[in-house]
Amino acid sequence: NGQQDDGVITIGAAMSSFADKGQTYLQDGVRAFDAEYDDVEVLMTDAKDDPAVQLNQVETLLTKGVDAILIVPVDISALKPVFAKCKEDGVKLVIANRMPAEEFHDDFDVYTGSESIQAGLLQAEWVAEAMQPEGGKVGILMGPLGHEAAMMRTEGNKQIFDKYDNIEIVMDAEGKWDRAKGMQIAENWIQSGAGLNAIVCNNDEMAIGTLLAAEGANLADEDIIIAGIDATPDALEFLGEGLDVTVFQNMNAQGYNGAAACYKLVKGEMVEKWDWIPFELVTTENMDEYK
Amino acid sequence: MSNENVLEMRNVHKSFPGVKALKGVDLTIKKGSVHALMGENGAGKSTLMKILYGIFHPEEGEVIFKGQPYSVKSPIDAINRGISMIPQEISPCPNLTVASNVFLGKEITANGVKLLNQKQMVKETQALFDDLGIDIDPSVMMSEISIANAQLVAIATAVSYNADLVIMDEPTSALTEKEIDKLYDIIRDLRDKKKIAVVYISHKLDEIFTICDEVSVLRDGEYIGSDSIENFDKDRLISMMVGRTMDEFFHKEEAVIGDVLLEVKDMSLSRKFKNVSFQLKQGEVLGVAGLMGAGRTEVMEALFGYRPADSGEIFIKGEKVEIKEPIDAIKHGIAFVTEDRKLTGIFPELSIKDNMIMPDIENYLKGGLLDSKKIKENCQTQREAIAIKTPTLEQLIKNLSGGNQQKVLISRWLLTTPEILILDEPTRGIDVGAKSEIHRLIGELAKMGKSIIMISSEMPEILSMSDRIMVMHEGKCSGEISRKDATQEKILALATGEQL
Amino acid sequence: MAQQKIISRPSLGAFMNKYGIVVIFIGLCVILSIVSPAFLSIRNITNVIRQVSIIGIVSMGVTFCIITTGIDLSSGSMIALISVVVASMSQNAVSDSQPISIVMPILFAILISLALGAILGTINGSLTAFGKIPPFIATLGMMTAAKGAAALYTQGRPVGNLKDAFTFIGTGSFIGIPIPIWIYIVMAVLSHILLSKTKFGRHVFAIGGNEQAARICGINVEKTLVKVYAYAGFLTAVSAIMLTARTSAGNPTYGLAYELDAIASTVIGGTSLSGGIGSIPFCVIGALIIGVLNNGMDLLGVNAYWQQIVKGFIIVIAVLIDARKQKRK
Amino acid sequence: MAQQKIISRPSLGAFMNKYGIVVIFIGLCVILSIVSPAFLSIRNITNVIRQVSIIGIVSMGVTFCIITTGIDLSSGSMIALISVVVASMSQNAVSDSQPISIVMPILFAILISLALGAILGTINGSLTAFGKIPPFIATLGMMTAAKGAAALYTQGRPVGNLKDAFTFIGTGSFIGIPIPIWIYIVMAVLSHILLSKTKFGRHVFAIGGNEQAARICGINVEKTLVKVYAYAGFLTAVSAIMLTARTSAGNPTYGLAYELDAIASTVIGGTSLSGGIGSIPFCVIGALIIGVLNNGMDLLGVNAYWQQIVKGFIIVIAVLIDARKQKRK
Ligand SMILES: Nc1ncnc2c1ncn2[C@@H]1O[C@H](COP(=O)(O)OP(=O)(O)OP(=O)(O)O)[C@@H](O)[C@H]1O
Ligand SMILES: Nc1ncnc2c1ncn2[C@@H]1O[C@H](COP(=O)(O)OP(=O)(O)OP(=O)(O)O)[C@@H](O)[C@H]1O
Ligand SMILES: [Mg+2]
Ligand SMILES: [Mg+2]
């Protein structure tokens, strides 16, 4: 295998979703790398969050004869066929953003990103501390049921809250990453008289929905802790004005580094297997760095 | 053009995919006359009229209406130019009230604002009905009135446009004698008082001779000729229509009548019929007469298990049988050709063959799969036996003429080799030629020893075909008359609830 | 005439026949107010109605479509598209942080968005009326295309930074009642009059009852159908504007599966999928049933997984016990 | 009678009438093989058919439903549910890392899953046949409930760690042809025979063409409908098993919007939404058109947003130029 005759390296970038905002920043990173190097051509596909479609697209990319695959897995447990196919074709495989289970760690060349659970842990740690000493009740707004990020972030939240005796998770619901849905559920929770002290959201869009609901119900910033993940530009606008904390994940860097790893692997250069891009907690204190 | 004539059509051509429906037809209608348009099923009568009403557009031809060249794009154009029509397939909107149906497309809106003036519409509908002597409440839903009343509403609607020419395409197919008389009054009123011309299409020859002034005949999409009614007799009219001479009605021979085969005892269905009992003997044709809505259809539907009765007993060859579903009836050798071909008869998108084998597919299976050879053989035999006109048995049934569809449906049930054949209005809307063939077929079946129940609203048909006549009135058996005693007057008397 | 003996004594059966779904609704409310005291507060009721307003307005358009024996699967995607369009035109200021930002008077932005909704609806209507494509397929095509167009317009990103005057539509109140509720009421009254008191509405029923009959009576079936889908598109746009204003953002992911909720509301409200039958007040009840259900389950803290299962059951059961339900289509 | 001169010379019009969609399909393939040389490779063709097999099998069940004038919206969610069920029963070993893990012979796991599909289908069918609920609503309810049940079963997690013998169904080959393609062929032949050569198939057409007449002909409409939906559920289960085996995991998010692709394939394949018309070979062509389109756009590297827009257009255009299309429903 290796480079084509014209010396251009083609990278097949099998992205999970073009409709997911966070992912679009990762895709921008890939595009930025593509723009920077003349001898790189990136073919990007959109799996629309469907693992079967992603598999189809990987097959199609391999049929086209790409030199390396950069994949953001839709479903980390559904990667086996991808490993098999890449091995069969002798194509380099870089995984970005969502980490496969340990048993598969020999089946790919590079991982760039972090562990989703970390975001949930960081977020919940901050919230739990902020709730001390009284503790209180928490509601968790989750992304789509079965979605890797939703699952792991929620898992991280639960691990932390379980450690505190005075914190109880009393509500959870599926906000589907959606601001309107998140807002609707938060409104209902606030009406329910359950007396939530914090609403922890799997992403910023739902957190913004929550804070709009809180505003609508005339709750002051101090009355309720609202936490998001992603540190989107919108969320940064609201930080300190209802939103208390969010978590930044450098998606752009993941995309850029992923593409770069593909490029180097094809050229035969040495690349570190694990390219950790850690989560960073964003609060009112450090928010200016992220704007 | 002579100003005697309200309408002249010349050399009109119209084809449909695969069919040339009109091949240069001429038609001249005099002012203030009732003009009969005659022809077999599929001759092109409805097509010609639909062209006038803007539903179809001719490929060729010239139309002069009230001295002006006439060409319309849609029914609303036609109405505005002065032509209204009662279509052959009466089709109201069942989900609207009677008044809304009458005013559909010409709703009255309140002054200034565009909101509907429902009250005014009801009032005007009532006035229209009073004027025509129709007794229907304008504010009930269309779905709640009987077919006959729906037909009257359609007639009233067509009349209400104050057109110069009113087209009536088989307006009496769902009416009984009483309502037909009312229709005659309406037509005479239009012709004599308002000088409105009427085109009248019907397969019932009596009606033509009662109400029409002139007759035009079509055959196979071609214009055969016109003349004033005085110059016609039935034989001449029939021979013009079918191209040969024949009897209007086949007269059934006396058949050998055997033992009682079927007995129905005290069958009742709430609000439909009550305590109906009758017997049917082997080789017998039992005519069932009555006014529209007497409950004849319902009795047969109950007998067949389609709409099971609340109470009552059925005996076949002296043994009591349970019929809860049509399949039970089929298993007991009963067959049922329903009155509404479209609603309960044909599978329009299936071939003639598939339509024929539907009730007894079991008999055509070989190793679990359909045996196309056997299907073809049986259907072919049947097709030849009763002369179904079609290029191939693969033809979709919806492409056949009404008469041939009816023959396919009769074939369907004959293939189940029934002992008892129920025929509900077997010749409604069917032309003279096909009708006489179906009558001959009924005669032959009786001769073969089959027992037949025939519901009919046509008096001559009942009288000529039945061995015995049962008359129903408002859901009850009002009497039975044997073939020799039967007269039109007696049947009518029983049908209207009088005692003999 | 003898056959007119149709008995119409006002029995319990007849009442349930007509108002069964109202009884179901009241029953649901009673149960909820018993198990959750918070349910009956003025504030929660306002809350529910405001939440319902978005799907509720869409479902009124769907009612028109379904009465003509049609359907509209495109409303959810149209909401996504119109939300990003209206958001991009209601910007506080031209800004690089937003994927698209256009500054103009919000009245214009709203009018353009309403027009866009009506135009997309007109395309749906034309495809089905003139192209003779089944409305299920015509609107399925629109659903797919509009979703793509929404994502294309903003490169998959949300559009925030909206003018306060604009967000007021979603968050403000007038004499104590939230603006979205006012809009819902106005649209319901407008739609009700249109459907039951005008020539247009009468023709909508006629087409649904018997298209051939409607044609023969001189009704321009094609034009009426186009108007129906255009009106549905217009209502969808109203809904999209409200949603955008309420969440202070437009997003190409908005509206996901709203069409199904809207159709469910409509059918629970007794509109027959075989056409010819339906009414706006009952459509409102249908939407309220779904809204109350969602609200109640959140209030009670029903587990997210169970919420869906319960919702599936309720949709079926409401239609099952609604005596007015039409025969299988 | 004279009017029966139905001319049946084999004209171009009649040919297009019958095989228009095949022509569209071939045209699409020709264009794609010109613009993308990779398209016609054996490997890519195998790819396309394997990819199509999943939706393709679902769409055959949908064809049965639609012929009876029904519809099945629940197939996507049923795939989600069955995928997690079969995955949970095809575990390599009992493991704590999986939300549910049951070890049993894979034949049992498969049989149980097929039975589950048929049972869920039977519920759909019973609701519509006996409950007289419009199938749109019955299957919408099932869609919502099954999705919730899938998530509940695994607490929203995917289920991996599957036996190789199981994943072989999705990834293995037999005489050079992938197993999913074999299964697709077998199911297509089976469904074709069932629909066009058996008593059951004739009854399906009869019910779709004229339910009242079917009853008069002694057909047990309710029983037949239940069988139709049960068979659709069975095919959906086959599809779910293939998907699970192919991706080596079950996931409650699987199958999202598959029902719409399946319905689109069916209708593009000429099945009339007003019932009574349809065929399995054409349904296969319909599914291939959608599959080839998706594959071709990926091969050409068409922008993801534009892909959706193009797909929306193609759905509409294919139905628009298919001369067999039925009148508006
Ligand atoms: N819409 C249509 N499409 C195709 N063929 C048609 C259509 N309408 C009528 N035909 C054909 O045109 C011919 C004339 O039909 P038409 O309905 O005018 O006959 P008719 O004289 O009114 O018969 P009937 O007495 O049965 O009403 C027939 O062969 C019929 O099958
Ligand atoms: N739409 C309706 N709703 C309620 N009852 C009806 C309706 N139409 C008819 N009926 C009743 O049903 C009974 C039988 O009606 P139907 O018209 O079937 O009788 P029929 O004797 O079979 O007439 P036909 O000559 O049409 O065969 C009558 O008592 C009539 O009042
Ligand atoms: Mg006719
Ligand atoms: Mg009758």
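In order, the protein sequences belong to chains P, S, C and X.
Residues in the first sequence are numbered consecutively from 1, following our numbering.
Residues in the second sequence are numbered consecutively from 1001, following our numbering.
Residues in the third sequence are numbered consecutively from 2001, following our numbering.
Residues in the fourth sequence are numbered consecutively from 3001, following our numbering.
We put the beta carbon where it would ideally sit given N, CA and C, even for glycine.
Just so we're clear, the structure is a prediction, and the values are computed from it rather than from any experiment.
Given a length threshold of 4 residues, each whole run of the alpha helix (DSSP H) inside the stretch 2040 to 2078 of chain C is given here in chain order: 2042 to 2067.
When C-beta distances to chain S are compared with 9 Å, the residues of the stretch 3206 to 3235 of chain X below that value are Ala3206, Gly3208, Gly3209, Asn3210, Gln3212, Ala3213, Ala3214, Arg3215, Ile3216, Cys3217, Gly3218, Ile3219 and Asn3220, in chain order. DSSP places Thr246 (chain P) in the uninterrupted beta strand (DSSP E) bounded by Thr246 to Gln249. Three or more Cβ pairs closer than 8 Å define a contact, and the stretch 145 to 156 of chain P falls short of that threshold against the stretch 211 to 227 of chain P.
Closer than 8 Å to the CB of Ile1155 (chain S) there is not a single CB belonging to chain C.
Look at Ser2036 (chain C): its C-beta is under 8 Å from a C-beta on chain P.
The CB of Phe18 (chain P) comes closer than 7 Å to the CB of Ala2151 and Gly2156 in chain C, given here in chain order. Per the Cβ contact rule, the stretch 1476 to 1486 of chain S is not in contact with the stretch 1449 to 1461 of chain S (fewer than 3 Cβ pairs under 8 Å). With the criterion CB distance below 5 Å from any heavy atom of ligand 1, the matching residues run S:Phe1016, S:Val1019, S:Ala1021, S:Asn1041, S:Gly1042, S:Ala1043, S:Gly1044, S:Lys1045, S:Ser1046, S:Thr1047, S:Gly1402 and X:Gln3003 along the chain. DSSP places His3192 (chain X) inside the alpha helix (DSSP H), whose first and last residues are Ile3179 to Lys3197. Only those residues of the stretch 3026 to 3054 of chain X whose C-beta falls short of 9 Å from the nearest C-beta of chain S would be listed, and there are none. Under the Cβ criterion (8 Å, minimum of three pairs), the stretch 2064 to 2072 of chain C counts as touching the stretch 2211 to 2231 of chain C. Put simply, the backbone Cα of His1251 (chain S) is about 22 Å away from that of Phe1209 (chain S).
Distance from the CA atom of Val282 (chain P) to the CA atom of Lys291 (chain P), rounded to whole angstroms, is 11 Å.
For Lys1119 (chain S), the number of other beta carbons within 10 angstroms of its own is below 16, and it is reported as exposed. One alpha carbon belongs to Ile95 (chain P), the other to Pro3099 (chain X), and they sit about 24 Å apart.
Assignment of Asn2303 (chain C) by DSSP, reduced to helix, strand and coil, places it in the coil class.
Distance from the CA of Ile2280 (chain C) to the CA of Glu1284 (chain S), rounded to the nearest whole angstrom, comes to 57 Å. For Thr1109 (chain S), the chain C residues whose Cβ falls inside 9 Å of its Cβ are Thr2198 and Lys2199, in order along the chain.
Restricted to the stretch 2105 to 2140 of chain C, the alpha helix (DSSP H) segments that are unbroken, complete and at least 4 residues in length are 2106 to 2129, listed in chain order.
Listed along chain X are Ile3137, Leu3140, Gly3141 and Thr3144, each with a C-beta nearer than 9 Å to that of Ala2264 (chain C). Sequence-distant partners of Leu43 (chain P) (beyond 5 residues in either direction) whose C-beta falls short of 8 Å from its own C-beta, in its chain, are Thr10, Ile11, Gly12, Ala13, Leu61, Lys64 and Val66.
Within the stretch 1342 to 1354 of chain S, the residues whose Cβ lies closer than 7 Å to any Cβ of chain X are, in chain order, Leu1343, Thr1344, Gly1345, Ile1346, Phe1347, Pro1348, Glu1349, Leu1350 and Asp1354.
Considered as a whole, the stretch 1303 to 1364 of chain S harbours 1326 to 1331 and 1352 to 1357 as its complete alpha helix (DSSP H) runs of no fewer than 4 residues, in chain order. DSSP places Asp67 (chain P) in the coil class of the three-state scheme, outside both helix and strand. Burial is judged here by how many other beta carbons sit within 10 angstroms of a residue's own beta carbon; Glu289 (chain P) has fewer than 16 and is exposed. Contacts with chain C at 8 Å (Cβ-Cβ) do not include Val30 (chain P). Using a Cβ distance threshold of 8 Å, Val2319 (chain C) and Ile2268 (chain C) count as a contacting pair. Pairing Thr3198 (chain X) with Ser1033 (chain S), the inter-Cα distance amounts to about 57 Å. Looking at the backbone, the Cα of Asn2124 (chain C) and that of Ser2077 (chain C) are separated by about 13 Å.
Among the residues facing chain S, Gly3269 (chain X) is not included, as its CB has no counterpart in that chain under 8 Å away. Contact residues of the stretch 3277 to 3298 of chain X toward chain P are Asn3294, Asn3295 and Asp3298 (C-beta to C-beta distance below 8 Å). Excluding residues up to 5 positions away in sequence, Ser2088, Gln2091, Ala2093, Val2094, Ser2095, Val2159 and Asn2161 lie with their Cβ nearer than 8 Å to the Cβ of Ser2101 (chain C) in the same chain.
Listed by position along chain C, the residues whose Cβ is nearer than 8 Å to that of Ala173 (chain P) are Asp2298, Ala2304 and Gln2307. The beta carbon of Met1472 (chain S) lies closer than 8 Å to those of Phe1273, Val1276, Val1288, Ala1289, Gly1290, Ala1294, Gly1295, Arg1296, Val1299, Ser1478 and Ala1495 in the same chain, with the five residues before and after it left out. Restricting attention to beta strand (DSSP E) runs no shorter than 3 residues, the stretch 161 to 206 of chain P encloses them at 167 to 174 and 198 to 201, ordered along the chain.
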